[in-house]
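Numbering (the working numbering), first residue to last: 15 to 212. Where is the CB? At the ideal position from N, CA and C, for every residue including glycine.
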């Protein structure tokens, strides 16, 4: 008699294990995508994803599998497998930015929210502050990031923002210099007119 309940429990256990087998991949597919810009999440939605350089396609289960399938690193934004890959730091409360994916899980906190060290075994201090992180930029907590594009002609967003800021500063300097020159010209004319009449 005791064999029947054990057999019944074993028979119930097998379907349970099979359902877990199918449930675990579906739970994994709903997990947030690591290292991906929010505007790119739709790009990584389909089951078959094309490399951004157009070289080949890969299945969704090969995304962030720690093996570089695309030369441009499209398939590995959340790992350090591809040398040309980019990891997106959300940096909640601060300025989001990209780092080279070779800096992911290298035991150095490159993102101020610590998202790049999700599997390295270290606990990164959360150093993001509203409007940008001064301590992060000064390098007090973590190493500085020097982003240089591996291909010519590509300009990172940070360099583009700096160029825009520099353009505004140059325009302001030209306007101020123009005002000073105009003031001096008028001032000299007024002084020369006073000398003529005296």
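- Residue 111 sits in a strand when the DSSP states are folded into three classes.
- In the DSSP assignment, residue 73 is bridged to 62.
- Annotation for residue 102: the continuous beta strand (DSSP E) segment containing it runs 100-103.
- Short of 7 Å from the beta carbon of residue 127, and not among the five residues preceding or following it, lie these beta carbons of its own chain, in chain order: 103, 104, 105, 106, 140 and 142.
- When DSSP states are grouped into helix, strand and coil, residue 123 belongs to the coil group.
- Shortest Cα-Cα distance from residue 78 to any of 180, 200, 129 and 47 involves 47.
- Its chain contains 62 and 64 as the residues whose beta carbon lies nearer than 6 Å to that of residue 71, once the 5 sequence neighbours on both sides are disregarded; these appear in chain order.
- With a cutoff of 8 Å on beta-carbon distance, residue 115 and residue 99 are scored as near each other.
- Collapsing the DSSP output to three states places residue 84 in coil.
- Between the alpha carbons of residue 49 and residue 197 lies a distance of about 54 Å.
- For residue 182, the three-state secondary structure derived from DSSP is helix.
- Here DSSP, grouped into helix, strand and coil, assigns residue 192 to helix.
- Comparing C-alpha distances from residue 109 to each of 89, 175 and 195 shows the shortest one belongs to 175.
- Residue 205 sits in a helix when the DSSP states are folded into three classes.
- In this structure, the straight-line span from the alpha carbon of residue 136 to that of residue 75 is close to 27 Å.
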